[in-house]
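Undergrad: Below is the structure I would like to discuss, written out as C-alpha coordinates.
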Amino acid sequence: MSRMLIEAEKIVIKIQDMVKGVFFKNVITLQMGSILGTLTQAVAGICIARILQPELFGIYALAFSLASLFGIFMATGVGDGITSIVAGAYARGDKETIADALGFLLKIASIIGIVVMLVLISLPLLSNLLYHRYDIGLFAAIVIMASIISNLLFSVSQVAFQAERKIGVATFFIFLDLLVRWGLSLLLVFSGYKILGAAIGHLVGAIIIFSIVGFSWNRLLSADSLFPKLGQVIRSAIAVSWKRFIRYSFWVALDRNMATLFSFLPISMAGIYFISSDVAFYKIPFGFTNLALSLLGPVSVMLNIEFPRLREESLSKMRSSFLNVTFYSILFSAFLVVCAAIISPIAFKILYGESFMPSVKYVYGFIIYGVFNGLGIGLGPMWRAINKVKVSILINTVVLAIGVPMGLYLLKHYGIWGGVVMVTAWFAISHLVSFIYLYRYLSSRS
29 MSRMLIEAEK IVIKIQDMVK GVFFKNVITL QMGSILGTLT QAVAGICIAR ILQPELFGIY
89 ALAFSLASLF GIFMATGVGD GITSIVAGAY ARGDKETIAD ALGFLLKIAS IIGIVVMLVL
149 ISLPLLSNLL YHRYDIGLFA AIVIMASIIS NLLFSVSQVA FQAERKIGVA TFFIFLDLLV
209 RWGLSLLLVF SGYKILGAAI GHLVGAIIIF SIVGFSWNRL LSADSLFPKL GQVIRSAIAV
269 SWKRFIRYSF WVALDRNMAT LFSFLPISMA GIYFISSDVA FYKIPFGFTN LALSLLGPVS
329 VMLNIEFPRL REESLSKMRS SFLNVTFYSI LFSAFLVVCA AIISPIAFKI LYGESFMPSV
389 KYVYGFIIYG VFNGLGIGLG PMWRAINKVK VSILINTVVL AIGVPMGLYL LKHYGIWGGV
449 VMVTAWFAIS HLVSFIYLYR YLSSRS
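This note's numbering puts the first residue of the sequence shown at 29, with every later residue one more than the last.
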(Lines of atoms letter the chains of each structure in order from A and count residues from 1; the text may use other names and numbers.)
(Lines give C-alpha, C1' and ligand atoms only; values in the text may rest on other atoms or scores of the structure.)
Protein backbone atom coordinates (compact mmCIF):
# COMPACT_ATOMS: atom_id res chain seq x y z
CA MET A 1 0.00 0.00 0.00
CA SER A 2 2.83 2.41 0.90
CA ARG A 3 4.50 1.67 -2.44
CA MET A 4 1.28 2.58 -4.26
CA LEU A 5 1.02 5.82 -2.30
CA ILE A 6 4.60 6.74 -3.19
CA GLU A 7 3.95 6.07 -6.89
CA ALA A 8 0.71 8.07 -6.75
CA GLU A 9 2.56 10.96 -5.13
CA LYS A 10 5.17 10.87 -7.91
CA ILE A 11 2.44 11.04 -10.54
CA VAL A 12 0.80 14.00 -8.79
CA ILE A 13 4.15 15.85 -8.60
CA LYS A 14 4.79 15.11 -12.27
CA ILE A 15 1.39 16.49 -13.25
CA GLN A 16 1.95 19.60 -11.11
CA ASP A 17 5.32 20.24 -12.79
CA MET A 18 3.73 19.79 -16.20
CA VAL A 19 0.93 22.25 -15.39
CA LYS A 20 3.45 24.88 -14.27
CA GLY A 21 5.46 24.56 -17.49
CA VAL A 22 5.40 27.12 -20.30
CA PHE A 23 4.50 24.45 -22.83
CA PHE A 24 1.36 23.51 -20.89
CA LYS A 25 0.30 27.15 -20.51
CA ASN A 26 0.78 27.75 -24.24
CA VAL A 27 -1.25 24.64 -25.04
CA ILE A 28 -4.05 25.91 -22.78
CA THR A 29 -4.01 29.28 -24.58
CA LEU A 30 -4.19 27.58 -27.96
CA GLN A 31 -6.80 25.21 -26.58
CA MET A 32 -9.11 28.06 -25.61
CA GLY A 33 -8.74 29.56 -29.07
CA SER A 34 -9.28 26.14 -30.61
CA ILE A 35 -12.48 25.64 -28.62
CA LEU A 36 -13.82 29.01 -29.75
CA GLY A 37 -12.77 28.32 -33.34
CA THR A 38 -14.24 24.83 -33.23
CA LEU A 39 -17.52 26.19 -31.89
CA THR A 40 -17.56 28.82 -34.64
CA GLN A 41 -17.03 26.21 -37.36
CA ALA A 42 -19.49 23.84 -35.73
CA VAL A 43 -22.27 26.41 -35.45
CA ALA A 44 -21.71 27.62 -39.02
CA GLY A 45 -21.46 24.06 -40.38
CA ILE A 46 -24.59 22.93 -38.57
CA CYS A 47 -26.58 25.93 -39.77
CA ILE A 48 -25.35 25.43 -43.34
CA ALA A 49 -26.30 21.74 -43.19
CA ARG A 50 -29.80 22.56 -41.91
CA ILE A 51 -30.31 25.18 -44.61
CA LEU A 52 -28.97 23.09 -47.48
CA GLN A 53 -30.45 19.72 -46.33
CA PRO A 54 -28.82 16.35 -47.23
CA GLU A 55 -28.87 16.57 -51.03
CA LEU A 56 -27.33 20.05 -51.36
CA PHE A 57 -25.08 19.51 -48.34
CA GLY A 58 -23.63 16.45 -50.07
CA ILE A 59 -22.68 18.64 -53.04
CA TYR A 60 -21.25 21.23 -50.63
CA ALA A 61 -19.14 18.51 -48.96
CA LEU A 62 -17.80 17.29 -52.31
CA ALA A 63 -16.86 20.83 -53.40
CA PHE A 64 -14.96 21.61 -50.20
CA SER A 65 -13.27 18.19 -50.15
CA LEU A 66 -12.18 18.64 -53.77
CA ALA A 67 -10.80 22.07 -52.87
CA SER A 68 -8.84 20.57 -49.98
CA LEU A 69 -7.43 17.82 -52.18
CA PHE A 70 -6.43 20.29 -54.88
CA GLY A 71 -4.82 22.36 -52.13
CA ILE A 72 -2.03 19.80 -51.78
CA PHE A 73 -0.46 21.38 -54.85
CA MET A 74 -0.15 24.67 -52.95
CA ALA A 75 2.46 23.14 -50.60
CA THR A 76 0.61 24.45 -47.56
CA GLY A 77 2.78 22.20 -45.40
CA VAL A 78 5.87 24.30 -46.15
CA GLY A 79 4.90 26.43 -43.16
CA ASP A 80 5.34 23.45 -40.82
CA GLY A 81 8.88 22.93 -42.07
CA ILE A 82 9.70 26.62 -41.75
CA THR A 83 8.24 26.64 -38.23
CA SER A 84 10.82 24.06 -37.15
CA ILE A 85 13.63 26.03 -38.83
CA VAL A 86 12.53 29.34 -37.31
CA ALA A 87 12.08 27.79 -33.86
CA GLY A 88 15.63 26.43 -33.95
CA ALA A 89 17.02 29.75 -35.22
CA TYR A 90 15.12 31.65 -32.51
CA ALA A 91 16.62 29.40 -29.83
CA ARG A 92 20.10 30.23 -31.22
CA GLY A 93 19.36 33.95 -31.63
CA ASP A 94 19.98 33.71 -35.40
CA LYS A 95 18.12 36.78 -36.72
CA GLU A 96 19.34 36.40 -40.32
CA THR A 97 18.05 32.84 -40.67
CA ILE A 98 14.67 33.87 -39.26
CA ALA A 99 14.29 36.66 -41.83
CA ASP A 100 15.40 34.41 -44.70
CA ALA A 101 13.11 31.57 -43.62
CA LEU A 102 10.04 33.81 -43.38
CA GLY A 103 10.92 35.41 -46.70
CA PHE A 104 11.31 31.98 -48.26
CA LEU A 105 7.86 30.97 -47.01
CA LEU A 106 6.29 34.10 -48.51
CA LYS A 107 8.17 33.57 -51.79
CA ILE A 108 7.13 29.94 -52.19
CA ALA A 109 3.52 30.70 -51.23
CA SER A 110 3.38 33.49 -53.85
CA ILE A 111 4.91 31.43 -56.66
CA ILE A 112 2.76 28.38 -56.02
CA GLY A 113 -0.33 30.55 -55.64
CA ILE A 114 0.19 32.05 -59.09
CA VAL A 115 0.71 28.63 -60.67
CA VAL A 116 -2.35 27.15 -59.00
CA MET A 117 -4.50 30.10 -60.08
CA LEU A 118 -3.56 29.38 -63.69
CA VAL A 119 -4.73 25.77 -63.55
CA LEU A 120 -7.99 26.32 -61.66
CA ILE A 121 -9.82 26.25 -64.98
CA SER A 122 -9.37 22.48 -64.99
CA LEU A 123 -11.40 21.94 -61.81
CA PRO A 124 -14.90 22.10 -63.37
CA LEU A 125 -13.73 19.59 -65.99
CA LEU A 126 -12.38 17.29 -63.29
CA SER A 127 -15.54 17.50 -61.21
CA ASN A 128 -17.65 16.69 -64.25
CA LEU A 129 -15.45 13.66 -64.92
CA LEU A 130 -15.77 12.38 -61.33
CA TYR A 131 -19.24 13.52 -60.27
CA HIS A 132 -20.92 14.53 -63.55
CA ARG A 133 -21.36 18.12 -62.33
CA TYR A 134 -19.37 21.17 -63.48
CA ASP A 135 -20.56 23.40 -60.64
CA ILE A 136 -18.76 21.37 -57.94
CA GLY A 137 -15.45 22.31 -59.57
CA LEU A 138 -16.48 25.97 -59.77
CA PHE A 139 -17.30 26.10 -56.06
CA ALA A 140 -14.02 24.33 -55.27
CA ALA A 141 -12.05 26.83 -57.38
CA ILE A 142 -13.42 29.76 -55.36
CA VAL A 143 -12.48 28.06 -52.08
CA ILE A 144 -8.98 27.40 -53.42
CA MET A 145 -8.56 31.08 -54.28
CA ALA A 146 -9.40 31.84 -50.64
CA SER A 147 -6.76 29.31 -49.54
CA ILE A 148 -4.14 30.93 -51.78
CA ILE A 149 -4.73 34.31 -50.13
CA SER A 150 -4.69 32.73 -46.64
CA ASN A 151 -1.44 30.97 -47.51
CA LEU A 152 0.38 34.30 -47.90
CA LEU A 153 0.70 36.71 -44.95
CA PHE A 154 -1.52 34.77 -42.56
CA SER A 155 0.60 31.61 -42.66
CA VAL A 156 3.83 33.62 -42.39
CA SER A 157 2.50 35.55 -39.39
CA GLN A 158 1.50 32.33 -37.64
CA VAL A 159 5.04 30.97 -37.94
CA ALA A 160 6.47 34.21 -36.52
CA PHE A 161 4.04 34.56 -33.61
CA GLN A 162 4.29 30.91 -32.58
CA ALA A 163 8.09 30.82 -32.70
CA GLU A 164 8.31 34.06 -30.68
CA ARG A 165 5.93 32.50 -28.14
CA LYS A 166 3.27 35.13 -28.82
CA ILE A 167 0.74 32.34 -28.52
CA GLY A 168 -2.07 34.65 -27.47
CA VAL A 169 -1.65 36.76 -30.61
CA ALA A 170 -1.40 33.69 -32.83
CA THR A 171 -4.52 32.24 -31.24
CA PHE A 172 -6.45 35.49 -31.67
CA PHE A 173 -5.70 35.61 -35.40
CA ILE A 174 -6.62 31.94 -35.86
CA PHE A 175 -9.98 32.56 -34.21
CA LEU A 176 -10.54 35.82 -36.10
CA ASP A 177 -9.80 34.08 -39.40
CA LEU A 178 -12.33 31.34 -38.67
CA LEU A 179 -14.94 33.78 -37.37
CA VAL A 180 -14.76 36.07 -40.41
CA ARG A 181 -14.63 33.36 -43.09
CA TRP A 182 -17.30 31.08 -41.62
CA GLY A 183 -19.45 33.98 -40.51
CA LEU A 184 -19.55 35.43 -44.02
CA SER A 185 -20.18 31.99 -45.52
CA LEU A 186 -23.14 31.39 -43.24
CA LEU A 187 -24.51 34.88 -43.91
CA LEU A 188 -24.43 34.36 -47.67
CA VAL A 189 -25.92 30.86 -47.45
CA PHE A 190 -28.70 32.21 -45.23
CA SER A 191 -29.26 35.03 -47.75
CA GLY A 192 -30.13 32.45 -50.39
CA TYR A 193 -26.85 32.09 -52.28
CA LYS A 194 -26.52 28.45 -51.12
CA ILE A 195 -23.23 26.67 -51.98
CA LEU A 196 -21.93 29.57 -54.07
CA GLY A 197 -22.43 31.87 -51.09
CA ALA A 198 -20.51 29.50 -48.81
CA ALA A 199 -17.54 29.55 -51.20
CA ILE A 200 -17.57 33.32 -51.77
CA GLY A 201 -17.79 33.91 -48.01
CA HIS A 202 -14.44 32.16 -47.56
CA LEU A 203 -12.89 34.20 -50.36
CA VAL A 204 -14.04 37.58 -49.03
CA GLY A 205 -13.07 36.56 -45.49
CA ALA A 206 -9.55 35.60 -46.60
CA ILE A 207 -9.10 39.02 -48.24
CA ILE A 208 -10.22 40.78 -45.04
CA ILE A 209 -7.83 38.79 -42.82
CA PHE A 210 -4.98 39.34 -45.29
CA SER A 211 -5.50 43.09 -44.95
CA ILE A 212 -5.71 42.99 -41.14
CA VAL A 213 -2.49 40.97 -40.79
CA GLY A 214 -0.67 43.25 -43.20
CA PHE A 215 -1.62 46.41 -41.31
CA SER A 216 -0.93 44.99 -37.84
CA TRP A 217 2.31 43.01 -38.37
CA ASN A 218 4.81 45.72 -37.37
CA ARG A 219 2.70 46.90 -34.43
CA LEU A 220 2.63 43.44 -32.86
CA LEU A 221 6.38 42.82 -32.83
CA SER A 222 8.40 44.10 -29.87
CA ALA A 223 11.16 46.66 -30.49
CA ASP A 224 13.96 44.19 -29.64
CA SER A 225 12.35 41.27 -31.45
CA LEU A 226 14.48 38.86 -33.45
CA PHE A 227 11.72 38.85 -36.03
CA PRO A 228 11.84 41.23 -39.01
CA LYS A 229 9.40 43.94 -39.98
CA LEU A 230 7.01 43.14 -42.81
CA GLY A 231 9.03 45.18 -45.29
CA GLN A 232 12.14 43.17 -44.50
CA VAL A 233 10.21 39.92 -44.94
CA ILE A 234 9.13 41.07 -48.40
CA ARG A 235 12.72 42.07 -49.28
CA SER A 236 13.95 38.70 -48.03
CA ALA A 237 11.32 36.98 -50.17
CA ILE A 238 12.76 38.70 -53.24
CA ALA A 239 16.41 38.11 -52.36
CA VAL A 240 16.50 34.68 -50.69
CA SER A 241 17.45 31.71 -52.84
CA TRP A 242 14.67 29.17 -53.13
CA LYS A 243 17.32 26.45 -52.86
CA ARG A 244 18.28 27.35 -49.27
CA PHE A 245 15.32 25.75 -47.50
CA ILE A 246 13.59 23.86 -50.29
CA ARG A 247 15.09 20.44 -49.61
CA TYR A 248 13.87 20.23 -46.02
CA SER A 249 10.61 22.17 -46.39
CA PHE A 250 9.61 20.30 -49.57
CA TRP A 251 9.61 16.97 -47.78
CA VAL A 252 7.79 18.44 -44.79
CA ALA A 253 5.16 19.92 -47.13
CA LEU A 254 4.76 16.61 -48.93
CA ASP A 255 4.34 14.83 -45.59
CA ARG A 256 1.75 17.39 -44.47
CA ASN A 257 -0.13 17.04 -47.73
CA MET A 258 -0.20 13.28 -47.32
CA ALA A 259 -2.10 13.93 -44.09
CA THR A 260 -4.49 16.14 -46.07
CA LEU A 261 -5.10 13.27 -48.47
CA PHE A 262 -5.95 10.97 -45.57
CA SER A 263 -8.50 13.48 -44.25
CA PHE A 264 -10.29 14.60 -47.41
CA LEU A 265 -9.80 11.79 -49.93
CA PRO A 266 -12.50 9.59 -48.32
CA ILE A 267 -15.27 12.14 -49.00
CA SER A 268 -14.07 12.75 -52.56
CA MET A 269 -13.92 9.00 -53.21
CA ALA A 270 -17.39 8.49 -51.74
CA GLY A 271 -18.83 10.93 -54.28
CA ILE A 272 -17.85 8.56 -57.09
CA TYR A 273 -20.32 5.89 -55.92
CA PHE A 274 -22.73 7.64 -53.53
CA ILE A 275 -25.69 9.85 -54.31
CA SER A 276 -25.32 13.33 -52.80
CA SER A 277 -27.51 12.58 -49.76
CA ASP A 278 -25.37 9.54 -48.88
CA VAL A 279 -22.26 11.70 -49.17
CA ALA A 280 -23.87 13.95 -46.55
CA PHE A 281 -24.68 10.95 -44.33
CA TYR A 282 -21.00 9.92 -44.55
CA LYS A 283 -19.59 13.43 -44.14
CA ILE A 284 -21.64 14.44 -41.08
CA PRO A 285 -20.58 11.61 -38.68
CA PHE A 286 -16.99 11.75 -39.97
CA GLY A 287 -16.94 15.50 -39.40
CA PHE A 288 -18.67 15.16 -36.02
CA THR A 289 -15.96 12.76 -34.86
CA ASN A 290 -13.20 15.02 -36.16
CA LEU A 291 -14.87 17.97 -34.46
CA ALA A 292 -14.41 16.24 -31.11
CA LEU A 293 -10.82 15.28 -31.97
CA SER A 294 -9.99 18.85 -32.98
CA LEU A 295 -9.62 19.67 -29.28
CA LEU A 296 -6.24 17.91 -29.51
CA GLY A 297 -5.09 20.13 -32.38
CA PRO A 298 -3.29 22.76 -30.26
CA VAL A 299 -1.07 20.06 -28.75
CA SER A 300 0.24 19.12 -32.20
CA VAL A 301 0.75 22.79 -33.08
CA MET A 302 2.84 23.44 -29.97
CA LEU A 303 4.91 20.29 -30.54
CA ASN A 304 6.20 21.88 -33.76
CA ILE A 305 7.95 24.35 -31.45
CA GLU A 306 8.60 22.09 -28.45
CA PHE A 307 10.32 19.13 -30.12
CA PRO A 308 12.98 21.24 -31.93
CA ARG A 309 13.68 23.03 -28.65
CA LEU A 310 14.05 19.74 -26.75
CA ARG A 311 16.24 18.36 -29.54
CA GLU A 312 18.72 21.16 -28.86
CA GLU A 313 18.78 20.18 -25.16
CA SER A 314 18.61 16.38 -25.06
CA LEU A 315 17.31 13.53 -27.21
CA SER A 316 16.26 11.64 -24.09
CA LYS A 317 14.05 14.56 -23.03
CA MET A 318 12.52 14.71 -26.49
CA ARG A 319 11.83 10.96 -26.44
CA SER A 320 10.25 11.17 -22.99
CA SER A 321 8.06 14.09 -24.05
CA PHE A 322 7.00 12.24 -27.21
CA LEU A 323 5.95 9.13 -25.27
CA ASN A 324 4.07 11.13 -22.63
CA VAL A 325 2.20 13.19 -25.21
CA THR A 326 1.29 10.07 -27.19
CA PHE A 327 0.02 8.19 -24.14
CA TYR A 328 -2.20 11.00 -22.89
CA SER A 329 -3.39 11.85 -26.41
CA ILE A 330 -4.62 8.29 -26.92
CA LEU A 331 -6.53 8.39 -23.63
CA PHE A 332 -8.01 11.80 -24.32
CA SER A 333 -8.97 11.00 -27.92
CA ALA A 334 -10.69 7.80 -26.76
CA PHE A 335 -12.61 9.81 -24.18
CA LEU A 336 -13.60 12.42 -26.76
CA VAL A 337 -14.89 10.01 -29.41
CA VAL A 338 -16.81 7.89 -26.90
CA CYS A 339 -18.48 11.02 -25.55
CA ALA A 340 -19.25 12.14 -29.11
CA ALA A 341 -20.86 8.77 -29.85
CA ILE A 342 -22.95 8.84 -26.67
CA ILE A 343 -24.41 12.28 -27.32
CA SER A 344 -24.75 11.86 -31.11
CA PRO A 345 -28.43 10.75 -31.18
CA ILE A 346 -29.55 13.78 -29.20
CA ALA A 347 -27.03 16.13 -30.83
CA PHE A 348 -27.97 15.17 -34.38
CA LYS A 349 -31.70 15.51 -33.71
CA ILE A 350 -31.35 18.92 -32.10
CA LEU A 351 -28.56 20.35 -34.24
CA TYR A 352 -28.98 18.84 -37.71
CA GLY A 353 -32.64 17.86 -37.67
CA GLU A 354 -34.60 14.69 -38.45
CA SER A 355 -33.36 14.53 -42.03
CA PHE A 356 -29.82 13.66 -40.87
CA MET A 357 -30.79 11.05 -38.23
CA PRO A 358 -29.99 8.06 -40.54
CA SER A 359 -26.30 8.97 -40.19
CA VAL A 360 -26.15 8.68 -36.36
CA LYS A 361 -25.17 5.00 -36.32
CA TYR A 362 -21.96 5.70 -38.24
CA VAL A 363 -20.59 7.84 -35.40
CA TYR A 364 -20.19 4.64 -33.36
CA GLY A 365 -18.23 3.13 -36.23
CA PHE A 366 -15.70 5.96 -36.08
CA ILE A 367 -14.73 5.31 -32.43
CA ILE A 368 -11.77 3.06 -33.31
CA TYR A 369 -10.67 5.59 -35.91
CA GLY A 370 -10.69 8.28 -33.23
CA VAL A 371 -8.48 6.27 -30.88
CA PHE A 372 -5.84 5.73 -33.56
CA ASN A 373 -6.08 9.40 -34.47
CA GLY A 374 -4.86 10.20 -30.95
CA LEU A 375 -1.83 8.00 -31.54
CA GLY A 376 -0.78 10.34 -34.34
CA ILE A 377 -0.80 13.67 -32.44
CA GLY A 378 2.97 13.74 -31.96
CA LEU A 379 4.01 11.90 -35.12
CA GLY A 380 4.17 14.82 -37.57
CA PRO A 381 6.12 17.17 -35.28
CA MET A 382 8.54 14.35 -34.36
CA TRP A 383 9.18 13.38 -37.99
CA ARG A 384 10.09 17.00 -38.65
CA ALA A 385 12.18 17.38 -35.49
CA ILE A 386 14.44 14.43 -36.37
CA ASN A 387 14.41 15.24 -40.11
CA LYS A 388 12.93 11.89 -41.10
CA VAL A 389 9.86 13.03 -43.00
CA LYS A 390 10.90 10.94 -46.01
CA VAL A 391 10.22 7.82 -43.96
CA SER A 392 6.77 9.13 -43.05
CA ILE A 393 6.04 9.86 -46.71
CA LEU A 394 7.12 6.35 -47.69
CA ILE A 395 4.88 4.77 -45.05
CA ASN A 396 1.85 6.84 -46.04
CA THR A 397 2.46 6.32 -49.76
CA VAL A 398 2.43 2.55 -49.30
CA VAL A 399 -0.70 2.78 -47.14
CA LEU A 400 -2.53 4.84 -49.77
CA ALA A 401 -1.27 2.72 -52.67
CA ILE A 402 -2.89 -0.29 -51.05
CA GLY A 403 -5.68 1.57 -49.27
CA VAL A 404 -7.22 3.51 -52.17
CA PRO A 405 -8.07 0.46 -54.34
CA MET A 406 -9.26 -1.34 -51.20
CA GLY A 407 -11.32 1.71 -50.26
CA LEU A 408 -12.97 1.96 -53.66
CA TYR A 409 -13.97 -1.69 -53.38
CA LEU A 410 -15.38 -1.17 -49.88
CA LEU A 411 -17.29 1.96 -50.91
CA LYS A 412 -18.77 0.29 -53.97
CA HIS A 413 -19.86 -2.93 -52.25
CA TYR A 414 -20.48 -1.91 -48.62
CA GLY A 415 -21.54 1.73 -48.90
CA ILE A 416 -21.05 4.05 -45.95
CA TRP A 417 -19.93 1.26 -43.60
CA GLY A 418 -17.26 0.41 -46.14
CA GLY A 419 -16.12 4.03 -45.94
CA VAL A 420 -15.90 3.81 -42.14
CA VAL A 421 -13.73 0.68 -42.35
CA MET A 422 -11.56 2.28 -45.03
CA VAL A 423 -10.76 5.39 -42.98
CA THR A 424 -10.12 3.38 -39.81
CA ALA A 425 -7.73 1.02 -41.60
CA TRP A 426 -5.78 3.87 -43.21
CA PHE A 427 -5.15 5.73 -39.97
CA ALA A 428 -4.58 2.63 -37.82
CA ILE A 429 -1.91 1.13 -40.08
CA SER A 430 -0.18 4.44 -40.82
CA HIS A 431 -0.01 5.58 -37.20
CA LEU A 432 0.98 2.20 -35.76
CA VAL A 433 3.85 1.68 -38.21
CA SER A 434 5.03 5.28 -37.76
CA PHE A 435 4.95 5.09 -33.95
CA ILE A 436 6.88 1.80 -33.87
CA TYR A 437 9.56 3.23 -36.16
CA LEU A 438 9.92 6.43 -34.13
CA TYR A 439 9.99 4.57 -30.82
CA ARG A 440 12.82 2.33 -32.01
CA TYR A 441 14.71 5.22 -33.58
CA LEU A 442 14.55 7.42 -30.48
CA SER A 443 15.34 4.53 -28.13
CA SER A 444 18.49 3.68 -30.07
CA ARG A 445 19.77 7.26 -29.80
CA SER A 446 18.73 8.21 -26.26
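For glycine and all other residues, C-beta sits at the position ideal for the given N, C-alpha and C.
#1: For F243, does the count of other Cβ atoms within 10 angstroms reach 16, so buried, or fall short, so exposed?
#2: By Cβ distance below 7 angstroms, which residues in the same chain neighbour F255 in space, the five residues on each side in sequence not counted?
#3: Would you please state the rounded distance, in angstroms, between the beta carbons of V417 and V280? I believe it to be under 8 angstroms.
#4: Whose CA, out of I170, L84 and S112, lies closest to the CA of L338?
#5: From V449 to A308, what does the alpha carbon distance come to, in whole angstroms?
#6: Under 6 angstroms Cβ to Cβ from R407, same chain only, skipping five residues before and after it: list those, please.
#7: How should V268 be labelled, buried or exposed, when 16 other C-beta atoms within 10 angstroms of its C-beta is the threshold for buried?
#8: When the Cα atoms are used, what is the spatial distance from G141 to P373?
#9: Which residue spans inside the stretch 219-258 form an unbroken alpha helix (DSSP H) run of at least 4?
#10: Please classify S361: does DSSP put it in a helix, a strand, or coil?
#11: Just confirm the distance between the C-beta atoms of D205 and I235, as a whole number of angstroms; I'd bet it's less than 8 angstroms.
#12: Should S447 and Y310 be called a contact, given that it needs their Cβ atoms to be closer than 9 angstroms?
#13: Would you tell me roughly how many angstroms separate the C-alpha atoms of A137 and E382, rounded to the nearest one?
#14: For the stretch 75-93 against the stretch 379-396, do three or more pairs of beta-carbon atoms, one drawn from each stretch, fall closer than 8 angstroms, so that the two count as touching?
#15: If I measure Cβ to Cβ from F350 and keep anything under 6 angstroms in the same chain, skipping five residues before and after, which residues do I get?
#16: Report yes or no: do the stretch 87-101 and the stretch 164-177 share at least 3 C-beta pairs separated by less than 8 angstroms?
#17: Have a look at A346 and L470 and give me their C-alpha separation to the nearest angstrom.
#18: In the stretch 67-144, which residue ranges form an unbroken alpha helix (DSSP H) of at least 4 residues, counting only runs that do not cross its ends?
#19: Nearest-angstrom Cα distance between Y301 and L154?
#20: Spatial neighbours of L282 within its chain, please: C-beta separation below 6 angstroms, excluding the five flanking residues on both sides.
#21: Thinking C-alpha only, which one of G131, E124, A72 and V427 is nearest I274?
#22: Counting pairs of beta carbons, one from the stretch 364-378 and one from the stretch 283-299, are three or more of them closer than 8 angstroms?
#23: Terminal residues of the continuous alpha helix (DSSP H) containing F384?
TA: Working from what's here:
#1: The residue you call residue 243 lines up with position 215 of the sequence shown. Exposed.
#2: Walking along the sequence shown from the start, residue 255 turns up at place 227. Hits under 7 angstroms: I126, A188, E192 and L249.
#3: The residue given as residue 417 occupies position 389 in the sequence shown. The residue given as residue 280 occupies position 252 in the sequence shown. The Cβ separation is near 5 angstroms, so the contact holds.
#4: Residue numbering aside, residue 338 sits at position 310 when the sequence shown is read from its first letter. Nearest option by C-alpha distance: S112.
#5: Taking the sequence shown and counting its residues from 1, one reaches residue 449 at position 421. Taking the sequence shown and counting its residues from 1, one reaches residue 308 at position 280. Taking the straight line joining both Cα atoms gives about 17 angstroms.
#6: Start at 1 with the first residue of the sequence shown, and residue 407 comes out as number 379. Going by the sequence as given, residue 407 is Leu instead of Arg. Counting only Cβ-Cβ distances below 6 angstroms, and skipping sequence neighbours, we find S462.
#7: Sequence index remark: in the sequence shown, residue 268 carries index 240 (1-based). Buried is the call here.
#8: Position 113 of the sequence shown, counted from the start, is the residue given in the question as residue 141. Position 345 of the sequence shown, counted from the start, is the residue given in the question as residue 373. Whole-angstrom Cα-Cα distance: 42 angstroms.
#9: Correct list: 222-248.
#10: The count along the sequence shown starts at 1 and reaches residue 361 at position 333. DSSP places S361 in helix when its eight states are reduced to three.
#11: Working through the sequence shown from its first residue, we reach residue 205 at position 177. Working through the sequence shown from its first residue, we reach residue 235 at position 207. Actually they do not touch by this definition, with Cβ atoms about 12 angstroms apart.
#12: The sequence position of residue 447 within the sequence shown is 419, counting from 1. The sequence position of residue 310 within the sequence shown is 282, counting from 1. For the sequence presented, residue 447 should be read as Gly rather than Ser. Closer than 9 angstroms, so yes.
#13: Here residue 137 refers to the residue found at position 109 when the sequence shown is read from its first residue. Here residue 382 refers to the residue found at position 354 when the sequence shown is read from its first residue. Straight-line Cα distance between these residues: approximately 43 angstroms.
#14: Yes, the stretch 75-93 is in contact with the stretch 379-396.
#15: Against the sequence shown, residue 350 aligns to sequence position 322. Once the five neighbours on either side are set aside, the close Cβ partners of F350 are G406 and M410.
#16: yes
#17: Taking the first residue of the sequence shown as position 1, residue 346 is located at position 318. Taking the first residue of the sequence shown as position 1, residue 470 is located at position 442. For the record, residue 346 in the displayed sequence is Met; it is not Ala. C-alpha separation (whole angstroms): 9 angstroms.
#18: 106-120
#19: Working through the sequence shown from its first residue, we reach residue 301 at position 273. Working through the sequence shown from its first residue, we reach residue 154 at position 126. Straight-line Cα distance between these residues: approximately 16 angstroms.
#20: For the purposes of this step, residue 282 is taken as the residue at position 254 of the sequence shown. So the qualifying residues of the chain are I421.
#21: Taking the first residue of the sequence shown as position 1, residue 274 is located at position 246. Of the candidates G131, E124, A72 and V427, the one whose C-alpha sits nearest the C-alpha of I274 is G131.
#22: In this structure the stretch 364-378 does not lie against the stretch 283-299, because fewer than three pairs of beta carbons, one per stretch, are closer than 8 angstroms.
#23: The residue you call residue 384 lines up with position 356 of the sequence shown. F384 -> no alpha helix (DSSP H), and no H or E assigned at all.
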